[in-house]
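**Student:** First, the structure itself, so that you have it in front of you.
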Amino acid sequence: MKIAFVSPPLGLAQRYGRLAPLGSSMPSIALLSLAAVAKKEGFEVLIIPADSMGLDRERITERISQFQPDCLAITSTTPAIYEAHRLAERVKRLNNKITTLIGGHHISALPRETMRHFPGFDIGIVNEGELTLSELLGRLDRKEPIEPVKGIVFRGDGEIVLNDTREFIVDLDTLPYPAWELLEGFPSSYYPPFFRFKRMPAAAIVTSRGCPQQCIFCSKAVFGNHIRFFGAEYVFGMMELLRNRYGVKEILIEDDTFLVKKERARDICALILKNRLDISWSCLARVDDAEEDILRLMKRSGCWQIGFGIESGSQEVLDLAKKNINLADARRAMEIARKTGISTKGFFILGFPNDTPATLEDTAGFIRESSLSDISVSFMTPMPGTELYSRAGELGRFDDNWEKMSLLNIVFIPKGLSREQLKKYSRLLVRRFYLRPKVIFAYILRVILNPFACVRAVRGLWGFLRECR
Ligand code: B12
Ligand code: SF4
Numbered sequence: 088m089k090i091a092f093v094s095p096p097l098g099l100a101q102r103y104g105r106l107a108p109l110g111s112s113m114p115s116i117a118l119l120s121l122a123a124v125a126k127k128e129g130f131e132v133l134i135i136p137a138d139s140m141g142l143d144r145e146r147i148t149e150r151i152s153q154f155q156p157d158c159l160a161i162t163s164t165t166p167a168i169y170e171a172h173r174l175a176e177r178v179k180r181l182n183n184k185i186t187t188l189i190g191g192h193h194i195s196a197l198p199r200e201t202m203r204h205f206p207g208f209d210i211g212i213v214n215e216g217e218l219t220l221s222e223l224l225g226r227l228d229r230k231e232p233i234e235p236v237k238g239i240v241f242r243g244d245g246e247i248v249l250n251d252t253r254e255f256i257v258d259l260d261t262l263p264y265p266a267w268e269l270l271e272g273f274p275s276s277y278y279p280p281f282f283r284f285k286r287m288p289a290a291a292i293v294t295s296r297g298c299p300q301q302c303i304f305c306s307k308a309v310f311g312n313h314i315r316f317f318g319a320e321y322v323f324g325m326m327e328l329l330r331n332r333y334g335v336k337e338i339l340i341e342d343d344t345f346l347v348k349k350e351r352a353r354d355i356c357a358l359i360l361k362n363r364l365d366i367s368w369s370c371l372a373r374v375d376d377a378e379e380d381i382l383r384l385m386k387r388s389g390c391w392q393i394g395f396g397i398e399s400g401s402q403e404v405l406d407l408a409k410k411n412i413n414l415a416d417a418r419r420a421m422e423i424a425r426k427t428g429i430s431t432k433g434f435f436i437l438g439f440p441n442d443t444p445a446t447l448e449d450t451a452g453f454i455r456e457s458s459l460s461d462i463s464v465s466f467m468t469p470m471p472g473t474e475l476y477s478r479a480g481e482l483g484r485f486d487d488n489w490e491k492m493s494l495l496n497i498v499f500i501p502k503g504l505s506r507e508q509l510k511k512y513s514r515l516l517v518r519r520f521y522l523r524p525k526v527i528f529a530y531i532l533r534v535i536l537n538p539f540a541c542v543r544a545v546r547g548l549w550g551f552l553r554e555c556r
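Take the position in the sequence shown, starting the count at 1, then add 87; the result is the number in this note's numbering.
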């Protein structure tokens, strides 16, 4: 049996708006992991990372008609779900016998609604995918009924059937490494977001799944409320393979929060140092996990940037969002990073349910006084799979339009604010942070030292200036 794994053609402009030249074209980690499992099971596999390769529906269908798969396996977030469905319908028109599978955060958050809304999907895979996919493909291949497969949603006799949830994988190290060997043009054809790399080529990995925190704006649909880890040896093995076989020099660790288990992080750094693996890397962490000794070790092993989800400069806002951090922790984490020579990127959100002009001023003030090297500002988006999704209508004006939920559009306006105010503060924050001599100088220096960033910097500058207006 042949399976084509595809990410929907959600272009950079749809994801990043005017800042498209600064966006990311990294291939989906989910598809790489799932394709590796299908390949191990003996299936013939093709990966089409359409969003990363900038392919439109027509060019994807061309590739699909050449490959002639039995199954089309699509991954999708919420904003990509309409594109995912357009693709599924198009492929069905091409050959009605192709079984279309859909997995990822959106179907996991809203299994029945999604199947009802999108008739072009035959089977939805809910939550973690590898074990379910492997059982499902086996059954489809042997032409056995799929009804007993846990973790799927499908069309029964005129009704949508949602099966029992599948248990999570107990030992993540039993999974094969992501199937980078199946990616056309890997690694040189794929690039990370602007300034999330020091060197090229780059690759993204995950070294854990899930997060034990309960922030009301973060989707828990796939990995639930707990965290599981790949072992340090497994993680180092992936890094070594990327460096030695593919020449990757930059690794983006895309875990929700890399430093939860510090002993493991220490072991990973120790393995990099012991084996003198020449890589630069970055990760995301919670501010309350930042400690000086581990950050020093990370720096020595090649870590140059940590992204912190600080979200707001108002403690009341953080408390209502169940972020479970305080602003003193955030300041302390930035100070430790500065001392250890690791650059920091802060993620902020505007439009929390209790945000007001005063709390947005607090956020602007916090950012301006911080030692952050970079920021990312987005609008509060109550995504399916988050606690906020079901309550958003009571807490403000909520446009439950999945296609618009890219974090760049305003879909939620809390009671204390207006759309104009949110837009105004978004521009103000960015302007106040970036249009400062020290930040401009640091950016010019980074572009000069980073030739890969030059062209994108020039192309992105115009969009950036229009964003600031
Ligand atoms: C890394 C990352 C990115 C990277 C992606 C890099 C890459 N190409 O992989 C970048 C920065 C580009 C990105 C962009 C966006 N992201 Co993002 N991202 C993540 C993050 C942190 C990790 C994703 C990941 O790789 N996980 C590891 C893999 C293995 O897990 P997975 O993707 O869930 O896949 C598993 C299952 O879902 C399932 N599965 C998935 N697809 C399929 C398909 C089939 C056929 C099957 C059988 C199973 C299956 O099996 C997989 C393995 O178990 C998650 C948070 C998280 N913890 O998941 C957010 C997350 C996925 N992103 C999110 C969002 C909102 C976005 C953006 C809209 C934001 C933006 N404007 O930039 C865009 C949308 C991009 C798109 N094309 O749709 C939300 C999605 C919420 C939702 N309801 O959809 C998340 C969950 C963050 C959050 N906590 O709220 N993102
Ligand atoms: S926002 Fe960060 S800390 Fe909060 S639940 Fe999501 S990953 Fe965990």
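From the three backbone atoms N, C-alpha and C, an ideal C-beta is built for every residue, glycine too.
Note down, in chain order, each residue of its chain lying with its Cβ closer than 8 angstroms to the Cβ of Glu422, except the 5 sequence neighbours on either side.
**Tutor:** Locating residue 422 in the sequence shown gives position 335, where the first residue counts as 1. Correct list, in chain order: Ser458.
**Student:** Please name the residue, chosen from Val240, Ala266, Leu197 and Lys361, that lies closest to Pro136 on a Cα-to-Cα basis.
**Tutor:** Here residue 136 refers to the residue found at position 49 of the sequence shown. Selected option, being the one with the closest Cα: Ala266.
**Student:** At a threshold of 7 angstroms, does Glu176 count as lining the ligand B12 (C-beta to nearest heavy atom)?
**Tutor:** For this step, residue 176 is matched to residue 89 along the sequence shown. For the ligand B12, not one heavy atom lies less than 7 angstroms from the Cβ of Glu176.
**Student:** Could you pull the start and end residues of the alpha helix (DSSP H) that Leu407 belongs to?
**Tutor:** Mapped onto the sequence shown, residue 407 falls at position 320. That run of the alpha helix (DSSP H) goes Gln402 to Leu407.
**Student:** In terms of residues, what are the limits of the beta strand (DSSP E) holding Glu131?
**Tutor:** As a first step, residue 131 is located in the sequence shown; it is residue number 44 there, counting from the start. First-last of the beta strand (DSSP E) with Glu131: Glu131 to Pro136.
**Student:** Grab me the residues of Tyr264's own chain with a C-beta within less than 6 angstroms of its C-beta, minus the 5 sequence neighbours each way, in chain order.
**Tutor:** For the purposes of this step, residue 264 is taken as the residue at position 177 of the sequence shown. Within the same chain, Tyr264 has close Cβ partners Met325.
**Student:** Compare the C-alpha of Ala417 against each of Arg353, Gln402, Pro274 and Gly428 and name the closest.
**Tutor:** Position 330 of the sequence shown, counted from the first residue, corresponds to residue 417. When only C-alpha atoms are compared, the closest one is Gln402.
**Student:** So does Cys370 have its beta carbon nearer than 7 angstroms to some heavy atom of the ligand B12?
**Tutor:** By 1-based counting over the sequence shown, the position of residue 370 is 283. Answer for Cys370: no, Cβ out of range of the ligand B12.
**Student:** Note down the Cα distance separating Glu268 from Arg484, rounded to an integer number of angstroms.
**Tutor:** The residue labelled residue 268 in the question sits at position 181 within the sequence shown. The residue labelled residue 484 in the question sits at position 397 within the sequence shown. The alpha-carbon atoms of Glu268 and Arg484 are separated by roughly 46 angstroms.
**Student:** Answer with buried or exposed for Asp449, where buried requires no fewer than 16 other C-beta atoms within 10 angstroms of its C-beta.
**Tutor:** Looking up residue 449 in the sequence shown gives position 362. Per the 10 Å Cβ criterion, buried.
**Student:** Indicate whether Ala451 and Leu516 have their beta-carbon atoms separated by less than 8 angstroms.
**Tutor:** By one-based count along the sequence shown, residue 451 stands at place 364. By one-based count along the sequence shown, residue 516 stands at place 429. In contact: Ala451 and Leu516 (Cβ atoms closer than 8 angstroms).
**Student:** Extract the residue ranges of the beta strand (DSSP E) inside the stretch 495–524, only unbroken runs of 3 or more that lie entirely within it.
**Tutor:** If we require 3 residues or more, the beta strand (DSSP E) runs fully inside the stretch 495–524 come out as 499–501.
**Student:** Return the bridge partner residues of Gly211 from the DSSP annotation.
**Tutor:** Counting from one through the sequence shown, the residue named residue 211 turns up at place 124. Looking at the DSSP assignment, Gly211 forms a beta bridge with Ile189 and Val240.
**Student:** With respect to 7 angstroms, is the separation between the Cβ of Thr186 and the closest non-hydrogen atom of the ligand B12 below this value?
**Tutor:** Taking the sequence shown and counting its residues from 1, one reaches residue 186 at position 99. Because no heavy atom of the ligand B12 lies under 7 angstroms away, the Cβ of Thr186 does not count as near it: no.
**Student:** Measuring straight from C-alpha to C-alpha, what distance separates Trp368 and Gly225?
**Tutor:** For the purposes of this step, residue 368 is identified with residue 281 of the sequence shown, where counting begins at 1. For the purposes of this step, residue 225 is identified with residue 138 of the sequence shown, where counting begins at 1. If I take the Cα positions, the gap works out to 38 angstroms.
**Student:** Check the Cβ-Cβ distances between Phe317 and every residue of chain D, and say whether any is below 8 angstroms.
**Tutor:** The chain labelled as chain D is not found in the depicted structure, where only one protein chain is given.
**Student:** Within the continuous beta strand (DSSP E) that includes Phe395, where are the two ends?
**Tutor:** By one-based count along the sequence shown, residue 395 stands at place 308. First-last of the beta strand (DSSP E) with Phe395: Cys390 to Glu398.
**Student:** My assumption, with CB atoms under 8 angstroms, is that Leu482 sits in contact with Lys502. Please give the rounded CB distance.
**Tutor:** Here residue 482 refers to the residue found at position 395 when the sequence shown is read from its first residue. Here residue 502 refers to the residue found at position 415 when the sequence shown is read from its first residue. Leu482 to Lys502, Cβ: 7 angstroms. Contact.
**Student:** Tell me whether the beta-carbon of Gly433 lies closer than 8 angstroms to the beta-carbon of Phe395.
**Tutor:** To locate residue 433, count along the sequence shown from 1; it is residue 346. To locate residue 395, count along the sequence shown from 1; it is residue 308. In this structure, Phe395 lies closer than 8 angstroms to Gly433 by Cβ.
**Student:** Between the C-alpha atoms of Leu405 and Ser399, what's the straight-line distance to the nearest angstrom?
**Tutor:** Residue numbering aside, residue 405 sits at position 318 when the sequence shown is read from its first letter. Residue numbering aside, residue 399 sits at position 312 when the sequence shown is read from its first letter. Computed Cα separation, rounded: 6 angstroms.
**Student:** To the nearest angstrom, how far is the alpha carbon of Glu222 from that of Ile462?
**Tutor:** As a working note, residue 222 is residue 135 in the sequence shown. As a working note, residue 462 is residue 375 in the sequence shown. For Glu222 and Ile462, the distance between alpha carbons rounds to 43 angstroms.
**Student:** Assess contact between the stretch 184–198 and the stretch 298–318, defined as three or more Cβ pairs (one per stretch) separated by less than 8 angstroms. Is contact present?
**Tutor:** Taking 8 angstroms as the limit for Cβ pairs, the verdict is that the stretch 298–318 does touch the stretch 184–198.
**Student:** Is Ala160 near the ligand B12, judged by its Cβ being under 7 angstroms from some heavy atom?
**Tutor:** Translated into positions along the sequence shown, residue 160 becomes position 73. The answer is yes for Ala160.
**Student:** Measuring only the C-alpha atoms, how far is Asp375 from Ile412?
**Tutor:** Working through the sequence shown from its first residue, we reach residue 375 at position 288. Working through the sequence shown from its first residue, we reach residue 412 at position 325. In a straight line, the C-alpha of Asp375 is about 7 angstroms away from that of Ile412.
**Student:** Got a sec, what are the start and stop residues for the alpha helix (DSSP H) Ile161 sits in?
**Tutor:** As a working note, residue 161 is residue 74 in the sequence shown. It is not in any alpha helix (DSSP H) - Ile161 instead sits in the beta strand (DSSP E) that spans Cys158 to Thr162.
**Student:** Who are the near neighbours of Gln300 in its chain, counting only those whose CB is closer than 7 angstroms to its CB and skipping five residues on each side?
**Tutor:** By 1-based counting over the sequence shown, the position of residue 300 is 213. Hits under 7 angstroms: Asn411.
**Student:** Taking 7 angstroms as the cut-off, is the CB of Ser457 close to at least one heavy atom of the ligand B12?
**Tutor:** Counting from one through the sequence shown, the residue named residue 457 turns up at place 370. Outside the cutoff, so no.
**Student:** Kindly indicate which three-state DSSP category Leu270 falls into: helix, strand or coil?
**Tutor:** Mapped onto the sequence shown, residue 270 falls at position 183. Coil.
**Student:** Got a sec? Which residues, its chain only, sit under 7 angstroms from Ala479 by beta carbon, not counting five neighbours each side?
**Tutor:** Along the sequence shown, read from residue 1 onward, the residue named residue 479 stands at position 392. Closer than 7 angstroms at Cβ, skipping near neighbours: Pro469, Phe485 and Phe499.
**Student:** Under the criterion of a Cβ to heavy atom distance below 7 angstroms, does Thr427 qualify as lining the ligand SF4?
**Tutor:** Residue mapping note: residue 427 aligns to position 340 of the sequence shown, counting from 1. It does not: the Cβ of Thr427 is nowhere closer than 7 angstroms to a heavy atom of the ligand SF4.
**Student:** For Lys511 and Thr446, what's the separation of their Cα atoms in angstroms?
**Tutor:** Here residue 511 corresponds to residue number 424 of the sequence shown, with the count starting at 1. Here residue 446 corresponds to residue number 359 of the sequence shown, with the count starting at 1. Straight-line Cα distance between these residues: approximately 14 angstroms.
**Student:** Are the stretch 320–334 and the stretch 489–499 touching by the rule of at least three beta carbon pairs closer than 8 angstroms?
**Tutor:** Contact between the stretch 320–334 and the stretch 489–499 is absent, because fewer than three Cβ pairs lie under 8 angstroms.
**Student:** DSSP three-state label for Lys89, please.
**Tutor:** In the sequence shown, counting from the first residue as 1, residue 89 sits at position 2. Correct three-state label for Lys89: strand.
**Student:** Mind listing, in chain order, the continuous alpha helix (DSSP H) runs of no fewer than 4 residues lying wholly within the stretch 419–460?
**Tutor:** With a minimum length of 4 residues, the continuous alpha helix (DSSP H) runs that stay inside the stretch 419–460 are 444–456.
**Student:** Quick one, which of Ala372, Glu149, Asp228 and Ile247 has its alpha-carbon nearest Asp209's?
**Tutor:** Mapped onto the sequence shown, residue 209 falls at position 122. When only C-alpha atoms are compared, the closest one is Ile247.
**Student:** Leaving out five residues on either side along the sequence, give the residues of the same chain with a beta carbon under 6 angstroms from the beta carbon of Phe453.
**Tutor:** As a position in the sequence shown, residue 453 is number 366, starting the count at 1. Closer than 6 angstroms at Cβ, skipping near neighbours: Gly400.
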